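**Student:**
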Amino acid sequence: MGFFSKPIRTLDDLFVHTLQDIYYAENQIVKNLPTMVENAADPELKAAFQHHLTETEEQVRRLERVFHMHDQPVKGVTCQAMDGILAEAKDIISDCDDPEVCDAAMLSAAQAVEHYEITRYGSLIAYAIQLGRPDCAAVLKQTLEEEKSADQKLTHIAEKGVNQHAA
Numbered sequence: 027m028g029f030f031s032k033p034i035r036t037l038d039d040l041f042v043h044t045l046q047d048i049y050y051a052e053n054q055i056v057k058n059l060p061t062m063v064e065n066a067a068d069p070e071l072k073a074a075f076q077h078h079l080t081e082t083e084e085q086v087r088r089l090e091r092v093f094h095m096h097d098q099p100v101k102g103v104t105c106q107a108m109d110g111i112l113a114e115a116k117d118i119i120s121d122c123d124d125p126e127v128c129d130a131a132m133l134s135a136a137q138a139v140e141h142y143e144i145t146r147y148g149s150l151i152a153y154a155i156q157l158g159r160p161d162c163a164a165v166l167k168q169t170l171e172e173e174k175s176a177d178q179k180l181t182h183i184a185e186k187g188v189n190q191h192a193a
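Numbering (the working numbering), first residue to last: 27 to 193.
1) At 4 residues or longer, and completely inside the segment 34–65: list those alpha helix (DSSP H) runs for me, N to C.
2) Taking CB distances under 8 Å as the criterion, tell me whether His43 reaches chain D.
3) Would you call the CB atoms of Leu71 and Ile183 closer than 8 Å?
4) Using a threshold of 8 Å, state whether the C-beta atoms of Leu180 and Ala74 are closer than that.
5) Answer with buried or exposed for Ala66, where buried requires no fewer than 16 other C-beta atoms within 10 angstroms of its C-beta.
6) Are the beta-carbon atoms belonging to Tyr142 and Leu166 less than 8 Å from one another?
7) Just to confirm my understanding: we take Ser149, look at its own chain, exclude 5 residues before and 5 after, and list those with CB closer than 8 Å. What are they?
8) To the nearest angstrom, how far is the alpha carbon of Thr104 from that of Asp47?
9) Using CA coordinates, which residue listed in Arg88, Val188, Glu83 is at the minimum distance from Ser134?
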């Protein structure tokens, strides 16, 4: 158990903790995406990052709605996984000399972020359904679909040209 967190004894506790985890993660993504937008050389990648920034800001608002729907205060808990993914991305990107290789590195880092989000939202939806909260699950499903779509778009951008240009 974390120093400032309460024990997770029930599925409801786990649902709230996971909600707090992804809320923190989404806010970290909002803080870091502008740097990726700024540093992307490929116009399609830059546009994808910009679009996902707008989407992520809406996802944060959706999470806030779920907190309210579930009668919980809106707050995040440190997500060590997201902090690690973002730190690793910053390290790799700072070591890139070639803009095209940097694009491939940023794209790969963005997909690691998407995959983490997909697992979290999938779990949250399953928990919400089990807890008899289809209302919360429906809101979370909107975001899950956006995350899957973002991952597919990044795969397309990678295969269409970013990885070839980096080679």
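The beta-carbon is built from N, C-alpha and C at its ideal position, and this holds for glycine as well. Every value quoted in this text rests on a predicted model; they were computed, and no experiment measured them.
**Tutor:** Short version:
1) 37–65
2) Among the protein chains of the structure shown there is no chain D, as only one such chain exists.
3) In this structure, Leu71 lies near Ile183, with their beta-carbon atoms less than 8 Å apart.
4) A contact, by the Cβ cut-off of 8 Å.
5) buried
6) Taking 8 Å as the Cβ cut-off, Tyr142 and Leu166 do not qualify as a contacting pair.
7) Thr44
8) 6 Å
9) Val188
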